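Number of protein chains: 4
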Amino acid sequence: MDERQEKQTGAGRPRSRKALEAVMTATLNLLKTTSYNQLTMERIAKEAGVGKPTLYRWWSGVPFIVMEALMLQAESEIGSPDTGQLISDVHQYLKQTFRSLTEGTGETVRSLMAEAQLNPDFAGVFRETFISSRRQTLIRILERGVQRGELPQNADLELIADLCYGPMWYRLLNRHAALDETFAASLVSYLFDSDGR
Amino acid sequence: MDERQEKQTGAGRPRSRKALEAVMTATLNLLKTTSYNQLTMERIAKEAGVGKPTLYRWWSGVPFIVMEALMLQAESEIGSPDTGQLISDVHQYLKQTFRSLTEGTGETVRSLMAEAQLNPDFAGVFRETFISSRRQTLIRILERGVQRGELPQNADLELIADLCYGPMWYRLLNRHAALDETFAASLVSYLFDSDGR
Amino acid sequence: MDERQEKQTGAGRPRSRKALEAVMTATLNLLKTTSYNQLTMERIAKEAGVGKPTLYRWWSGVPFIVMEALMLQAESEIGSPDTGQLISDVHQYLKQTFRSLTEGTGETVRSLMAEAQLNPDFAGVFRETFISSRRQTLIRILERGVQRGELPQNADLELIADLCYGPMWYRLLNRHAALDETFAASLVSYLFDSDGR
Amino acid sequence: MDERQEKQTGAGRPRSRKALEAVMTATLNLLKTTSYNQLTMERIAKEAGVGKPTLYRWWSGVPFIVMEALMLQAESEIGSPDTGQLISDVHQYLKQTFRSLTEGTGETVRSLMAEAQLNPDFAGVFRETFISSRRQTLIRILERGVQRGELPQNADLELIADLCYGPMWYRLLNRHAALDETFAASLVSYLFDSDGR
DNA sequence: TATTAAGCGAGACGGTACGTCTTGTCTTGGA
DNA sequence: TCCAAGACAAGACGTACCGTCTCGCTTAATA
Chain A
1 MDERQEKQTG AGRPRSRKAL EAVMTATLNL LKTTSYNQLT MERIAKEAGV GKPTLYRWWS
61 GVPFIVMEAL MLQAESEIGS PDTGQLISDV HQYLKQTFRS LTEGTGETVR SLMAEAQLNP
121 DFAGVFRETF ISSRRQTLIR ILERGVQRGE LPQNADLELI ADLCYGPMWY RLLNRHAALD
181 ETFAASLVSY LFDSDGR
Chain B
1 MDERQEKQTG AGRPRSRKAL EAVMTATLNL LKTTSYNQLT MERIAKEAGV GKPTLYRWWS
61 GVPFIVMEAL MLQAESEIGS PDTGQLISDV HQYLKQTFRS LTEGTGETVR SLMAEAQLNP
121 DFAGVFRETF ISSRRQTLIR ILERGVQRGE LPQNADLELI ADLCYGPMWY RLLNRHAALD
181 ETFAASLVSY LFDSDGR
Chain C
1 MDERQEKQTG AGRPRSRKAL EAVMTATLNL LKTTSYNQLT MERIAKEAGV GKPTLYRWWS
61 GVPFIVMEAL MLQAESEIGS PDTGQLISDV HQYLKQTFRS LTEGTGETVR SLMAEAQLNP
121 DFAGVFRETF ISSRRQTLIR ILERGVQRGE LPQNADLELI ADLCYGPMWY RLLNRHAALD
181 ETFAASLVSY LFDSDGR
Chain D
1 MDERQEKQTG AGRPRSRKAL EAVMTATLNL LKTTSYNQLT MERIAKEAGV GKPTLYRWWS
61 GVPFIVMEAL MLQAESEIGS PDTGQLISDV HQYLKQTFRS LTEGTGETVR SLMAEAQLNP
121 DFAGVFRETF ISSRRQTLIR ILERGVQRGE LPQNADLELI ADLCYGPMWY RLLNRHAALD
181 ETFAASLVSY LFDSDGR
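Residue numbers (full-length UniProt numbering), protein chains in the order written: chain A, 1 to 197; chain B, 1 to 197; chain C, 1 to 197; chain D, 1 to 197.
Next comes the structure, spelled out in structure tokens:
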């Protein structure tokens, strides 16, 4: 994922791990006190005590830095539950995800999704790095459901994934209702429990 | 929708209809050839042959202009189908909406949603003016379904609306799959047809 | 000097004397609280409760209004002394002029002179209307001195006028020293009193 | 005269000599074809091929740039004559000064003096940098006259300086008569030659 | 151990867009 | 018929960031 610290062919000073860490820390600090759209390369550089060229050497813009900082922070915060039952796996997973968004990173995640719409260079990276991995986790949970016979062999897992993630993103972005446990329960119930209708 | 030209309390030159129209036209023209995030107040002013202060007198920024232009263009493009049957009403409505997004305004709508994430001043206006009206249309369709007995009296219409709009926005923003007729059909089938699973 | 309030030939609403007076009053009021270069046509119009086009109908810019207001205010504030003696006439006249500048209009007069440098349209009017009349007053005092034999028949009165007014303007504009009575006395003494050297 | 390029405390890209020179050249060029009050920061930036922030980094406005350009151009154009005689020294000095103003920089100098009246930030700098140095030159000439006994020990040199510079500025600003050699001669004669009256 | 070249901070650079201000003209409706 | 109110096109203002560049200092692997 990161070919940056290798090479080191001949002489010369190696790249400073310290600078990278300072940037990540500074970014997370700034996100605590200011909103995403107030972040600029200049501010991050100043806060991290790092030169702008250093920033540009390793990242091509603010959203790339923020995404990396976010993934570094949230690393393995959300696991993949395996209770042996589809409904409770999905329920668990959604609850975890909602909580993570509500309590912490929601604002920033919203901003990154927004950035991905406006910045084509970032869009691809964001989807393949950030979104895709989480979607895969859900798809794997669903696949286990198919194996167990809880879903039909020909179930459209992509559609079901959209039906789980779609409403989540919709509420996250549109803010017309909370991403709380009630919502997770209703969602799971409506989607998987025939009696829930 | 626009109470501005009514103010006209006493004296004073009234708002120039010509300038307003020039701005709307220029904005739509620019959107045809450039992407949303290349739009600037200055470019719009120049294209419309209008002074910047005139722009700022009536709109507080690019997204507000774009939203108004979009609503003016799409006025009544999407109707509210009434076939007498819930499933086909929803199907019809989603198909219409998807087509409108796919063929024309999708790019710009995505950008406005993104803007709403990054620009708090715009967020409220966007949701209350743009999103809300369309959501109401769907809710009304669902209510008719309840009246006809196609949905139970206590059905959670807000949840169902989220399950319709959520996946749409998710695909629009995340671009991992098309907003085509197949998707509309699958969605409706999964949500309302017990045999569709 | 002012052919504006006459005519009133046929029908129609007569021109408002009230508006003119309001402009003059408003201008003088504004000059009490703000500096000349903060004056704008718009601010004067607002303060006077007058439309901008009305302002432009009668004056072509801020300095023209200010000059008229100033002359209206200072009308006959400075007389032409006639003590029967050249030296005391000039001394008297300079003292009067210095006092008027120091106590009141100095700031504004400085600004008008500055404006005349930057604004060719104003330059001519300013010199012919404002400066010239005062210069003539001094020249007349000097001529009386020639008639009385206090100055030689071939005295260069223009040069002497420059020697009186020049230092005054120089100190007014350059502010390196005060325009006080001592200065008036020294000036007269150096210029007219052979023993004063 | 310019302690800016010496700062260079530690790191950082040093001030670009090229940019500085381009600005000076562009300013002098523009002054040849347009009048001072048509000069704007934007035009200078464009003509010099320099960004506006670079201009504002080093100068706080148009008059500051113009003054620097003028001083750079006129550097040591006017010397301090020393003929051994007061009258001819002053005469020489005034002739030089008049010629410089008449042939070249007069227009711009007038404008700067005007600017100093309207712009308090500029006023101080202008007087201390531009005016003061020239006044000192004249005062030194007069002091030599005192040492030689051509002027009394207690002569008021400041007054005499005002009597030389005052009429010059008066004619420069008021334009009622030329700044020619005749004027220089009359002035010197009236001020220093008892028989000249 | 000394050399040496890359990485580093700082920050100036040419640009672009911002949102505000003022100018002088115009267009209404009310008096 | 004249006016106040104020909208209009134009364009300069001074600021904030952008992404690139040029410095001189620091630092660690190579020789």
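Using N, Cα and C, we set each Cβ at its ideal position, and we do this for glycine too.
From a predicted model like this one, the values you see are computed outputs, not experimental measurements.
Quick one: which chain B residues come within Cβ less than 9 Å of residue i?
i        : result
A/Tyr190 : Asp156, Leu159, Ile160, Leu163 and Leu191
Within 10 Å of its beta-carbon, does residue i have 16 or more other beta-carbons around it, so buried, or fewer, so exposed?
i                      : result
C/Asp162               : buried
A/Glu68                : buried
A/Leu72                : exposed
C/Arg57                : exposed
C/Pro53                : exposed
A/Glu3                 : Confidence at A/Glu3 is low in this model, with a pLDDT of 40, below 50, so the placement of that residue is unreliable and no value is reported for it.
D/Ala45                : buried
C/Arg110               : buried
B/Glu21                : exposed
A/Asp121               : exposed
D/Thr33                : exposed
B/Ala178               : exposed
C/Arg148               : exposed
C/Asp193               : exposed
A/Pro167               : buried
A/Asn174               : buried
C/Met1                 : The predicted model places C/Met1 with a pLDDT of 36, which falls under 50 and marks its position as unreliable, so this point remains unresolved.
A/Asp82                : exposed
residue 198 of chain D : Outside the shown range of chain D, which is 1 to 197, sits residue 198 of chain D, and nothing can be said about it.
A/Pro152               : exposed
B/Arg13                : exposed
Along the alpha helix (DSSP H) that carries residue i, what are the first and last residues, could you check?
i        : result
D/Arg99  : Leu86 to Ser100
B/Phe64  : Val62 to Gln73
C/Arg121 : Reading off the sequence, residue 121 of chain C comes out as Asp, not Arg. Segment Pro120 to Val125, the alpha helix (DSSP H) holding C/Asp121.
A/Thr40  : That residue, A/Thr40, is in no alpha helix (DSSP H); it is neither H nor E in DSSP.
D/Thr54  : Lys52 to Trp58
B/Arg17  : Arg17 to Thr33
C/Ser189 : Glu181 to Phe192
Just to make sure I have the definition right: I need the residues of chain B whose C-beta is within less than 7 Å of the C-beta of residue i. Which are they?
i        : result
A/Ser186 : Asp156 and Leu159
A/Pro81  : Under the 7 Å cutoff, chain B gives no residues; its nearest Cβ is about 22 Å from A/Pro81.
Who are the neighbours of residue i on chain A, taking C-beta pairs under 8 Å?
i        : result
B/Ala177 : Glu158 and Asp162
Can you tell me whether DSSP reads residue i as helix, strand or coil?
i        : result
B/Val146 : helix
D/Leu173 : helix
B/Ser132 : helix
B/Ala80  : The question names Ala, but residue 80 of chain B is Ser in the sequence shown. B/Ser80: coil per DSSP, three-state reduction.
D/Pro14  : coil
A/Leu112 : helix
B/Pro152 : coil
D/Ala48  : helix
C/Asp178 : For the record, residue 178 of chain C in the displayed sequence is Ala; it is not Asp. Note: C/Ala178 maps to coil in three-state DSSP.
Since residue i meets chain C, which of its residues come closer than 8 Å, beta carbon to beta carbon?
i        : result
D/Gln117 : Arg110, Ser111, Met113, Ala114 and Leu173
Give the interface partners of residue i over in chain C, defined as CB-CB distance under 7 Å, in chain order.
i        : result
D/Ile131 : Asn174
Show which residues of chain D have a CB atom less than 8 Å away from the CB atom of residue i.
i        : result
C/Arg127 : Asn174, Arg175 and His176
C/Tyr93  : Here the premise fails: no neighbours, minimum Cβ distance about 16 Å.
Under 7 Å Cβ-Cβ, which residues of chain A neighbour residue i?
i        : result
B/Pro167 : Asp162, Leu163 and Gly166
Contacting positions in the UniProt domain "HTH tetR-type" (17-77) of chain A - beta carbon closer than 9 Å to chain B:
Ser35, Tyr36 and Asn37
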